[in-house]
Each structure stands twice: as structure tokens, then as C-alpha cells.
Amino acid sequence: MKITARTPDQIGNALRRVRKAKGMTQKDVSARTNLRVATISSLENGDPGTQMRTVISVLAALDLEFVVQDRIQESQPSIEDIFS
Numbered sequence: 001m002k003i004t005a006r007t008p009d010q011i012g013n014a015l016r017r018v019r020k021a022k023g024m025t026q027k028d029v030s031a032r033t034n035l036r037v038a039t040i041s042s043l044e045n046g047d048p049g050t051q052m053r054t055v056i057s058v059l060a061a062l063d064l065e066f067v068v069q070d071r072i073q074e075s076q077p078s079i080e081d082i083f084s
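Counted the way the UniProt record's numbering counts, the sequence shown spans residues 1 to 84.
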């Protein structure tokens, strides 16, 4: 699965979607990361103050990786724009 995310809200939504697609609960991610469920919830809700180590831990728990690439110019609205 490839999801483009540019804002804290988009990152949180992407992580939530992947977690649910994998059939995992926030409690499951919490157990894999030793982070509180409230911290996972905060990240998924787009808290811009989330620490980078938290994001990296959750990515690892979901078997995801962080990729940096040139920004893609979107000619169509993103899925978040359509359903917001």
C-alpha cells in the first residue's frame, strides 16, 4: 500500500487506515511499541507535537517504512479532500 501524506493529519489518517487494514487495534500497536494507547490515538488524530521517535516506532509496529521523495504534483484532489 502506498499513501502520500504531507501533514500531521494526513500521516495520522494514513497510519489509522493501515492499522485497521491489518486488523490491529490501538491496543495492539501499544503492545508492540510500549507506547500508551493515548499516544497512538494522539498520533492518529494528527497531533503535530508527536515526537519523531513515536512515529518511527508506530511505523515499525505496522511493518511500514518512511520514504522521502520529491513532492508529486497532484492534478486531482486527494482522498482526504474528497471526503473531508
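Where a beta carbon is used, it is the ideal one built from N, C-alpha and C, also for glycine. Here the structure is a predicted model, which means the values were calculated and not measured.
Counting C-beta atoms within 10 angstroms of its own C-beta, T33 has 16 or more neighbours from the protein chains shown and is therefore classed as buried. Annotation: D28 to R71 spans about 32 Å, alpha carbon to alpha carbon. Spatial neighbours of Q26 in its own chain (CB-CB distance under 7 Å, excluding positions within 5 residues in sequence) are listed in chain order as V37, I40, S41. Judged by pairs of C-beta atoms under 8 Å, the region 41–51 touches the region 10–24, as three or more such pairs exist.
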